[in-house]
Amino acid sequence: MQRQLPSLATIYFGCLVFGLDIPHAQPVGIFHDSLISQHAFAAKEIRAALEAKGLQAEMRTLGEFSPTYPNRKIVIALAANSTITAALAAAGGDPVVGLGEQAYAIRTTTTGNFSHWVIGGDVNGAMYGGLQVSENISHRGFGPTVNTQESPHILYRGIKFNAPLDVRSPVYYSSGFSANDFRGTAAKKAIPHVWDVNFWSEWFDEMARHRYNVLSLWTLHPFTSMIKMPEYPNVALQNVQGFDGFTKNLSIDQKIAYWRQVMTLARNRGFEFYIFNWNIYTYGATGKYGIDNSPNNSATVEYFRKSMTQLLDTYPDLTGFGVTAGENMGDINEAANAKWMWSTYGRGVADFANANKNRKVVFIHRYHGAGASSVMANFGDLIALPNVRFDFSYKYAIAHMYSTPSPAWITTIDGNVPAQLDQFKAKTWLELRNDDFYMLHWGNPDFARKYIAAFPDKDRYIRGFFMGSDGFTFTRTFAGKSQWSKDMLEIKRHWYTQMIWGRLAYNPALSDDVFRNHMAAKYPGISSGTLFSAWSKASEAVPLMTELVQGTWKSDFLWWPEASLSRREGFITITQMAETEPTPGSDKCSIAKTASGGCGNKISAVKVAEQMESAAMGALNLVGTQGASTQNEMQTNLANIRALSYLGLYYAEKIRGAVFKSSGKNAEAREVMGQAYCYWSTYSSLMNEMYTGMEMQRTSAFANWLAFDSKALAEYTALGGKGNPVCKTITVSLEREGKLKPPPSFLSLSPEGLSLNLPSQGTLSLSIYSLRGERVSHIVAYTGIAGKQSIPLSGNLANGVYWVRINFDGATLTRKMSTVGR
């Protein structure tokens, strides 16, 4: 009897049941409204994910949707679409309720054909849901069932983008009035990209994937490059002038068309678009029609008022405008600053809002150079307009967001800002300044979660945040030596940092598995668990260092951690460090009080150094100590983790050196500063392997990353060190990390052996390291039974503190222990 083969339909149904993909089966239908740009983008991302898995995709409009569609499908629609929600219910899908702004639900049904349904509370919510489906397919395939619902934790998640528009129209602190005093390689290199629509198209796509939805463009004087006014015909800057021979022939009309196109790109990816400036700067208009930088010049006041109105009239997709008082307003007081801002920008916005009552406008006044009381006393007429929303903006971490995760500047430096917001029934944006990491690729989701959780009551006080740098413009990579990063978007080179903040601001409960999955997809040549852990540990140390000193070194020109530089002090020394205070809100004790024994309940600076060393050594234990080839992205990020770790070890020793010197213990200070130099030279070599030197906006220029080695060595020789110190070799064990269930219990360490409890019979290996990472004892295999074990060491240990690391049952456990009697 001939055996009957199963039908194709039977095979297909079975594959659906077991979640298997058939590369050459029927295409997956993607139903969406192609006229909604956000939905078209999400559908395109889903198609790419399906095709990467060997599946075909069929792009269909929502108008073509039918419950009888014969293939598997993905549907993207709004909650208000009753046809789709009814079809979802008929297919047995769980109901979708309570979707608000930017929220989405994903439902999976298996009645009929396997289907994913993306339902958005609004257009952007549906886009985020579609992007999530794309990510799910990329990481887990098309088969798994998903029933989830998400809404944004922080409603507005923005980027602060300092944009130099021209040699003649720079960004803050990059120049004076000519190319001769325009500072900063990053700012100079940025000008061509700022005027490249392809840059912005790629930028908005990438940042939408990370769930950002606000762009704030910051420049000193935007008007001469972005508008034209009949009253001031010779003010507009024709063409674009850059550096290294760059020019672009653009009339002011073409410039206007260009920025309208950029703002449309922003809208099509769900972004609000803001422009911010500092005052008073009149680049391009100075000396024309009586205009200058004086706050007492009525011609200047009138020019700014008309410019503000014209800017809003020129750009229908411009969400709002933000202002900064006091940067270049002479010696007038806060009340006069606020009055000037009202007479110019405030009146200009009011003029526009009164003439365009159907257009909503946001006006943002920074907490800078004018206090809340002075501002509110002047802006009442603007705030009263029904189509104007008035917000504040506050520099939440001054220049260093990578410091304490709960900074208290907002209740100290400008008085109690939340109380003022309550008084005036206002909200503020938080400016999260990253003037910490320009080159290094930071990555610690746990820090970001703590940071976001520490925001003041978000529903009561917070409108959203802008995250970005003042001392660096992130456009395309120019300093990377590896070919793989050449001309790459900096936000793509720093993809992990950007992903952490965008995704966790949208959903702080996001699992670390999401980050591990992205690592596994991008870097299949390494364990994603190992990489995730190492990256997190390596990223802990420098923020701890900054937290210890930021109370004094608030600003970017006072402290750039990647190069240990200050514009005022040069290369930072332990003497200068000993004069600093921790960030307000920190639980850390200053170096000076640590040296004098006055810490009380605060964590001593020496303990902070131990924490930094522990984190850095933990990272090196996972990825190794040696530099690696940087020919591809994974190798470069491993080198980046090593560089972060060695920088942390350097600062840990430097803290100890500052404490010793402040205590009058110069010999001890000399010893640790010798080791500090060893760590610095390893760090600088890694950085020099990865990056070129450059001119900085806020600190000094340097030819290459070895330029400060002599400065680091000088701290050792100034304490009496001779020549180069003998550098201790760090030896680490590259064993797999994991969780032991239940784990062994470490009992005690003596010079003769280790005592511990084993949960079961088994074989373990044992390694003991000094705090600097040298392996001082090692046992390849010790077989023990369940219960207390006393493991003798081959050579007696000196009294001290050690890392004890065991591998048992295929996983690793590490403890810091001191010998008995110490």
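According to our numbering, the sequence shown is numbered sequentially starting from -1. Ideal Cβ positions, reconstructed from N, Cα and C, are used throughout, including at glycine.
For residue i, list the residues DSSP reports as bridge partners.
i: P790; result: G751
i: K847; result: Only positions -1 to 820 of the chain appear in the structure, and residue 847 is not among them; the question remains open.
i: F856; result: Only positions -1 to 820 of the chain appear in this structure, which leaves residue 856 out of reach.
i: L53; result: Per DSSP, none; premise fails for L53.
i: H825; result: What the structure shows of the chain is the stretch from -1 to 820, and residue 825 is not part of that stretch, so it cannot be assessed.
i: S558; result: Rather than Ser, the amino acid found at residue 558 in this sequence is Trp. Looking at the DSSP assignment, W558 forms a beta bridge with L563.
i: R58; result: F29
i: D164; result: S167
i: L76; result: G118
i: W551; result: For W551, which the question treats as bridged, DSSP gives no partner whatsoever.
i: H776; result: S765
i: V799; result: S816
i: S214; result: K158 and Y272
What does a CB cutoff of less than 8 Å around residue i pick up in its chain, not counting 5 residues either side in sequence?
i: V195; result: Y256, Q259, V260 and L263
i: L754; result: P742, S743, F744, L745, K786, Q787, I789 and I804
i: K448; result: P403 and S404
i: I572; result: K652, G655, A656, K659, A667, M671 and E713
Just tell me which of the options has its CA closest to the CA of residue i.
i: D251; options: F470, A46 and P231; result: P231
i: L215; options: T473, T83 and I330; result: T473
i: F476; options: S32, N505 and T183; result: T183
i: A382; options: A424, K42 and G90; result: A424
i: N505; options: M437, Q100 and I34; result: Q100
i: T891; options: N414, E204 and N432; result: The question about residue 891 has no answer here: the residues shown for the chain are numbered -1 through 820.
i: E693; options: M685, T680 and N702; result: N702
i: G127; options: S768, V144 and W340; result: V144
i: A710; options: Y689, F435 and S682; result: S682
i: V540; options: K600, I489 and D433; result: D433
i: Y365; options: N376, V359 and D389; result: D389
i: A446; options: D485, S537, S391 and K490; result: S537
i: E841; options: V131, S32, N79 and T83; result: Here the chain comprises residues numbered -1 to 820, so residue 841 is not present and cannot be evaluated.
i: D31; options: E49, V116, P65 and Q24; result: V116
i: H516; options: P162, I34 and I135; result: I135
i: A417; options: T690, D455, T245 and T634; result: D455
i: P757; options: I28, V774, I783 and G751; result: I783
i: R155; options: F302, T409, F806 and L430; result: L430
i: P723; options: G691, Y677, E687 and A283; result: Y677
i: V774; options: G751, I28, M685 and N352; result: G751
i: F422; options: R458, T410, K393 and I411; result: R458
i: D585; options: G595, G596 and K600; result: K600
CB-CB under 7 Å to residue i, same chain, minus the five flanking residues each way: which ones, in chain order?
i: D164; result: I189, S223, L235, V238 and Q239
i: D19; result: Only weak support exists for where D19 lies, its pLDDT of 43 falling under 50; the value from the coordinates is given anyway. The answer, listed in chain order, is K51, G52, L53, G139, F140 and G141.
i: L542; result: V606, Q609 and M610
i: Y279; result: L218, H219, N291 and N326
i: G523; result: M632
i: A451; result: P506
i: K814; result: S612, V799 and W801
i: N630; result: W482
Might you give, ordered along the chain, the residues of its own chain that have their beta carbon closer than 6 Å to the beta carbon of residue i, omitting 5 neighbours on each side?
i: I777; result: L764
i: F470; result: A184 and Y436
i: E567; result: Q574
i: T697; result: W558, L563 and R565
i: G61; result: none
i: T680; result: Y644
i: D707; result: S679 and S682
i: S199; result: L263
i: S816; result: V799
i: Q24; result: N69
I'd like to know if the stretch 367 to 384 and the stretch 331 to 344 are in contact, where contact means that at least 3 CB-CB pairs between them fall below 8 Å.
The stretch 367 to 384 is in contact with the stretch 331 to 344.
So within the stretch 269 to 293, which uninterrupted beta strand (DSSP E) runs reach at least 3 residues, ignoring any that extend past its ends?
Taken in chain order, the complete beta strand (DSSP E) segments of 3 or more residues contained in the stretch 269 to 293 are 270 to 275.
Inter-stretch contact at 8 Å, needing at least 3 Cβ pairs: the stretch 270 to 282 / the stretch 219 to 228:
Judged by Cβ distances under 8 Å, the stretch 270 to 282 makes contact with the stretch 219 to 228, as three or more pairs qualify.
Tell me, please, whether the stretch 99 to 113 touches the stretch 146 to 155 by the rule of three or more beta-carbon pairs shorter than 8 Å.
Flag = yes, the stretch 99 to 113 and the stretch 146 to 155 touch.
Given 8 Å as the limit, is there contact between the stretch 343 to 353 and the stretch 238 to 248, that is, 3 or more CB pairs closer than that?
The stretch 343 to 353, when compared against the stretch 238 to 248, does not touch it at the 8 Å Cβ threshold.
The stretch 582 to 593 / the stretch 657 to 668 touching (three or more Cβ pairs under 8 Å)
As far as the Cβ criterion goes, the stretch 582 to 593 touches the stretch 657 to 668, which means the pair count is three or higher.
The stretch 574 to 583 contacting the stretch 531 to 548, beta-carbon criterion three pairs below 8 Å
A contact exists between the stretch 574 to 583 and the stretch 531 to 548.
Any chance you could list the alpha helix (DSSP H) runs of at least 4 consecutive residues sitting entirely within the stretch 387 to 440, in chain order?
Every unbroken stretch of the alpha helix (DSSP H) spanning 4 or more residues and falling wholly within the stretch 387 to 440 is given here in chain order: 415 to 422.
Extract the residue ranges of the beta strand (DSSP E) inside the stretch 446 to 533, only unbroken runs of 3 or more that lie entirely within it.
With a minimum length of 3 residues, the continuous beta strand (DSSP E) runs that stay inside the stretch 446 to 533 are 460 to 466.
Evaluate the contact criterion for the stretch 87 to 96 versus the stretch 66 to 76: three or more CB pairs, one atom per stretch, below 8 Å.
The answer is no - the stretch 66 to 76 does not touch the stretch 87 to 96, with fewer than three Cβ pairs under 8 Å.
Does the pairing of the stretch 495 to 509 with the stretch 204 to 212 give three or more beta-carbon distances under 8 Å?
Under the 8 Å Cβ criterion, the stretch 495 to 509 counts as touching the stretch 204 to 212, having at least three qualifying pairs.
Within the stretch 582 to 657, note down every full alpha helix (DSSP H) run reaching 4 residues or more, in order along the chain.
If we require 4 residues or more, the alpha helix (DSSP H) runs fully inside the stretch 582 to 657 come out as 589 to 594 and 603 to 621.
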